[in-house]
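Written out below as structure tokens is the structure these notes cover.
Number of protein chains: 2
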Amino acid sequence: MISGLVKRNTYQDSVNLMLLSTKLTEMEGVRKVSIMMGTPANKDIFRNTGMYSAEFDLANPNDICISVDTDSPDMLKSISEKLEEFISDLSSKSSATQLKKAKSLKGALKKIEDPNLALVSIPGEYVFDEGKKLLNENMNLFIFSDNMDFCEEKELKELARDKGLIVMGPDCGTGIISGVPLAFANVVNKGNIGIVGASGTGIQEVSSIISRLGGGISHAMGIGGRDLSEEIGGISAKIALDYLANDKGTEVIVFISKPPAEAVKNSIVEKLKVIGKTAVALFLGEEEKGPEDNLHYAATLEDTANLAFYLSRKKSVYKGRVKELEERLDLIRLNQRQKSVHGYYGGGTLAGEAKLILKKHINKPGCKIIDFGDDEYTKGRPHPMIDPGTRIDAIKGLKDNGEVAVVIFDNVIGYGSSTDMAGSLGPHIKEVLEYKRKNGRDIIFIASVCGTEDDVQVYSKQVEELEKAGVTVMSTNAQCAKLAHEIMEYLDGDWKHEESYSGLLGEDLRVINVGLESFGKTLYELDVNLVQYNWTPTAGGNKDLQRMLQKLENI
Amino acid sequence: MISGLVKRNTYQDSVNLMLLSTKLTEMEGVRKVSIMMGTPANKDIFRNTGMYSAEFDLANPNDICISVDTDSPDMLKSISEKLEEFISDLSSKSSATQLKKAKSLKGALKKIEDPNLALVSIPGEYVFDEGKKLLNENMNLFIFSDNMDFCEEKELKELARDKGLIVMGPDCGTGIISGVPLAFANVVNKGNIGIVGASGTGIQEVSSIISRLGGGISHAMGIGGRDLSEEIGGISAKIALDYLANDKGTEVIVFISKPPAEAVKNSIVEKLKVIGKTAVALFLGEEEKGPEDNLHYAATLEDTANLAFYLSRKKSVYKGRVKELEERLDLIRLNQRQKSVHGYYGGGTLAGEAKLILKKHINKPGCKIIDFGDDEYTKGRPHPMIDPGTRIDAIKGLKDNGEVAVVIFDNVIGYGSSTDMAGSLGPHIKEVLEYKRKNGRDIIFIASVCGTEDDVQVYSKQVEELEKAGVTVMSTNAQCAKLAHEIMEYLDGDWKHEESYSGLLGEDLRVINVGLESFGKTLYELDVNLVQYNWTPTAGGNKDLQRMLQKLENI
């Protein structure tokens, strides 16, 4: 038997309704339960699923409607109690966080200065009116909501374009702006790959694979599943590509979508070709083809990630790594004599690779890359991959050396190699660093470990041991040498601070979250400057009435 | 003061001498110690380093020569005691392992049937004679020893070529044959990338990076630092490429070297172009250029690894994964009705990707890929990335389904997603598998986790949870779908068992280790069929006399 219950004027977002639904489903005697706000569309769903109750006739979008299939006559009473308990729980939990809150846009705007992004997750039918207001306050929009009207979507996007803003979405499931995850997103490494994608899990899969490989993401922007339709014409896609083209932290641009309308696709491809950066395009389902100048094509999401990772690693080392060291480098730079790089290698080919990458610097006075596996160092003693002695001597010698700024070295593990090279070199590096720091100086040690987790020395343990000693550990020898090169440029004054695009991507995020409070909480916990705008449908959810009220307000 | 000590007829390899050296250096009163076998070359080193003692005048290559710098008159006596202790320790340790041993090649050949590889690490001056004997017994050679004569190297390599064998080295620091690490090598994943490289750490760096990325190595063959010289002409390089070209498990071939002699390089490049497989070449230090048909060029060792990984992943899933499932698949194949694939997806784009990769099969009766995020499944209930309900129902339904052989699904983690989807689906999968197995049946569940280690659900924990439930977890959704495709081919009888080259790469290794016992022990612990041939210089190390003796033996 279907029974209905209506709780007036208690608007809840869909996540809370789901939590409530889970709670009620667990109750003894409940066969099935369905909970929605009393919008006309939702009432239709109740009817179509045989869960409608006459109680719902007068319900409006601000009212919680609960439909239960049960034989127990007392059930509605128990449910009503549970519901009250749930709502009071919610409000006590909610007031426990320091999340700044507002009940109107005006209220929200008073609590945050110059917001640059609004996250919108209210029911789709109300997005257009709310979105226009937000755009007019010069905020970029990330619209999680779906079921928006085509014309409304286009109008919002055109308005954004005219104002130099972007609308991500609607139906935008995921995004990452300056490392901040929006909606359904993963915690990925920061890096030099920017992503534009239509839908959610495509971006999630590509960004996660890149991150697991060791690469990183600058920004990932969703544009919504219909942006590349002929009607919308890729308005947001092109703006997103412009954003990434102007962002100095983005060196490789990835574009992911299902095959779009032919004319739209051609304009996207043309744009990608003149974007001035390496680009990877995936039109899922199309035949793959060879690269056209800067534009590479991929066949699957994995393929896209692997290709972007490969191309991104061809670039110089991720600039973020130099920035991490900036304070130490500025100390070193104060001492104008301290300008050399030393390399202490066990592996001959690795030493050779470092020499090539550092070729601009290694012929300067005081600079040298030593292959301690060369005959002159191994006569009568074991190879430096086994015996740390010669390298320990070199490290000790740094105490009295006032010129060396950077030291790179390798740690080749595996069968035959020392069982703990990091443990042998580490204490001596630590001692040098402590000595230098006592004297107000510093040296940057950079190393990579060549080997795997299954080697007896265990890759991650050797990395950890080196990091404990104060070494900056890079994932490969080439990355070590590239970082050393960037540092030498920095010390020479040739290294440029990279200025990002002055828009959204170059700024700290200042967010108004309109809708799902769980999205807001995530950002709050990540220390993002945020106001939670607890939107509820005004005027009983009647849109005409809402617009009239809006006009009256604006007088 | 320099004192000398000679211990006659106790040949020790260089690793043992190093261990001894470490022990003696630790003794109180010892300023410096140098230990070598009494070869003419070693005596020169003693002289050049000021460590020569008149005691060494009559020493031969079978005698341990110890030179000590000390002021203590009793030191030689203490050292002599330590030495005896060390030697008796060694022999007791050595007899403790079940390693098969021989003191001559003839003895070794009696203890192993049809050996196909000899690992040679005796002093370079003795390699030629020993190597010829080994080649004549139809063994491929891996020569770790260095200091070989150019003409001798060439003669050995030509002899090998004429016999359909290969000489890896001399001065070959690393190799991996059929997953077995030789000399200095890392424990890497098995996979479809074959490597040919001149020297040691180049191969180690590339194979380790590939393995850390999640790719795998079929074989890695070192050819020695001089193979690409004009004198040697790349004899071994070309044979190694032929070996890999004929090896069905190798789909991408990597070639690493310093820039070789121009003519040799041209012949290698020509060979790589007609090899019939995707190839990546690194001539370290040369300008990079665009791909020429199947041949791609890389710029650094890391770049080589990333490019090879990317290209290797474009191939169908690594066949080894199907072989791992072979027993279960053969059980499934017995039931001729069980031929369908189901996909249970939360991510829409992931479902779309699976459909594309499985396009040959999904339109067959009983096959379907369901996107549970589609409107028809989410009406009135949360998204399947949050709510496992719809997928649990689908999994439960498999109990009564006798047609489904393979099920693929996704597990998208990160912000917004279920906190433990693997924990929700896992028990139901386990139950289905237990039910099927009780009835003598099986189903293959394949999944990937989309997300990272830093996501709140933790990538590796979700993988572990799924594996515990009996799911085969692949690294990406594309790999899942590719594996499902291969399984469908297998069940249709279209999947070919791949026959490898009948030579070294296709066979189990049967090794004679000539020299460093530590190399032998490593292989012994890896369960490689092996005889340790404890080579010592006969005839007091006099090569002319050795050859005469050899001739007399052969009469």
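As given, the protein sequences belong to chains A and B, one line each in that order.
For the first sequence, position 246 matches number 254 in our numbering, and the numbering has no gaps at all.
For the second sequence, position 265 matches number 273 in our numbering, and the numbering has no gaps at all.
Beta carbons: idealized from backbone N, C-alpha and C, even for Gly.
Item                                                                                                                                                                     : Value
Can you give me the C-alpha to C-alpha distance between Pro-48 of chain B and Pro-69 of chain B, rounded to a whole angstrom?                                            : 8 Å
Under 8 Å between beta-carbons, which chain A residues line up against Leu-309 of chain B? List them in chain order, please.                                             : Thr-357, Leu-358, Glu-361, Thr-484, Asn-485, Ala-486
Pop quiz: Gly-208 of chain A and Gly-223 of chain B are said to be a contact at Cβ under 8 Å. What is the actual Cβ separation, rounded to whole angstroms?              : Actually they are not in contact, since the Cβ atoms of Gly-208 of chain A and Gly-223 of chain B sit about 27 Å apart, beyond 8 Å.
Smallest Cα separation from Pro-189 of chain A: which of B:Gly-514, B:Leu-512, B:Gly-424?                                                                                : B:Gly-424
From which residue to which residue does the alpha helix (DSSP H) around Leu-142 of chain A run?                                                                         : 135-144
Output yes if chain D places a C-beta closer than 9 Å to the C-beta of Gln-540 of chain B; else output no.                                                               : The question asks about chain D, but that chain is absent: this structure's protein chains are A and B.
Determine the burial state of Cys-159 of chain B: buried for a count of at least 16 other Cβ atoms within 10 Å of its Cβ, exposed for fewer.                             : exposed
In terms of alpha-carbon separation, which member of A:Glu-238, A:His-304, A:Ala-126 lies closest to Gly-183 of chain A?                                                 : A:Ala-126
Determine contact between the region 442-449 of chain A and the region 376-384 of chain A, defined as no fewer than three beta-carbon pairs at a distance below 8 Å.     : no
Taking just the CA atoms, how far does Met-482 of chain B sit from Gly-351 of chain B?                                                                                   : 15 Å
Please check the pair Ile-454 of chain A and Cys-488 of chain A, which I expect to be a contact at CB under 8 Å, by giving their CB distance rounded to whole angstroms. : 5 Å
In the structure shown, what three-state DSSP assignment does Tyr-353 of chain B receive?                                                                                : strand
Using the C-alpha atoms, what's the distance from Cys-458 of chain A back to Thr-2 of chain B?                                                                           : In the structure displayed, chain B extends from 9 to 563; residue 2 of chain B sits before or after that span and is not available.
Provide the residue span of the alpha helix (DSSP H) that contains Phe-317 of chain B, from first to last.                                                               : 309-322
Which of helix, strand or coil does DSSP assign to Arg-555 of chain B?                                                                                                   : helix
Which residues of chain A have a Cβ atom closer than 9 Å to the Cβ of Glu-163 of chain B, listed in chain order?                                                         : Here the premise fails: no neighbours, minimum Cβ distance about 24 Å.
Hey, would you say Leu-236 of chain A sits closer than 9 Å to Lys-279 of chain A, going by beta carbons?                                                                 : no
State the beta-bridge partners of Phe-417 of chain B as determined by DSSP.                                                                                              : B:Tyr-352, B:Ala-455
What residue does the beta strand (DSSP E) around Asp-21 of chain A start on, and which one ends it?                                                                     : Segment: none, Asp-21 of chain A is in no beta strand (DSSP E) and carries neither H nor E.
Does the region 363-380 of chain A come close enough to the region 425-444 of chain A to have 3 or more Cβ pairs within less than 8 Å?                                   : no
In the DSSP output, what is Tyr-423 of chain A paired with across the bridge?                                                                                            : Bridge partners of Tyr-423 of chain A: none, in fact.
Out of curiosity, what's the CA-to-CA distance linking Asp-170 of chain B and Glu-270 of chain B?                                                                        : 25 Å
Since Ile-247 of chain A and Ile-225 of chain A are thought to touch, with beta carbons under 8 Å apart, how far apart are those beta carbons, to the nearest angstrom?  : Not a contact, Cβ separation roughly 19 Å.
Can you grab the Cα-Cα spacing for the pair Asn-146 of chain B / Leu-117 of chain B, in whole Å?                                                                         : 11 Å
Flag this pair as yes or no: are the beta carbons of Ala-168 of chain A and Ser-244 of chain A separated by less than 9 Å?                                               : yes
According to DSSP, which residues form a beta bridge with Ile-74 of chain A?                                                                                             : A:Leu-13, A:Ile-43
Mind reading off the beta-carbon distance from Gly-232 of chain B to Val-272 of chain B? Whole number of angstroms is fine, and I expect it under 8 Å.                   : 13 Å between Cβ atoms; not a contact.
So, Glu-494 of chain B versus Val-325 of chain B, is the Cβ gap smaller than 9 Å?                                                                                        : yes
Which residues of the region 206-237 of chain A have a Cβ closer than 9 Å to any Cβ of chain B? Give them in chain order.                                                : Ala-206, Ser-207, Gly-208, Thr-209, Gly-210, Ile-211, Gln-212, Glu-213, Ser-215, Ser-216, Ile-217, Ser-219, Arg-220, Leu-221, Gly-222, Gly-233
Can you confirm whether Ile-151 of chain B, when its beta carbon is compared against all beta carbons of chain A, has any partner nearer than 9 Å?                       : no
Restricting to runs no shorter than 4 residues, where is the alpha helix (DSSP H) found entirely within the region 222-305 of chain B?                                   : 243-254, 270-281
Which chain B residues sit within Cβ distance under 7 Å of Ser-425 of chain A?                                                                                           : Phe-192
Mind listing which residues of the region 516-530 of chain B have their C-beta closer than 8 Å to chain A's C-betas, in chain order?                                     : Ser-526, Phe-527, Thr-530
Between the region 436-452 of chain A and chain B, which residues of the former have a C-beta closer than 7 Å to a C-beta of the latter?                                 : none
Quick one: grab the DSSP three-state call for Val-471 of chain A.                                                                                                        : helix
Exposed or buried, what is Arg-555 of chain B when buried is set at 16 or more other beta-carbons lying within 10 Å of its beta-carbon?                                  : exposed
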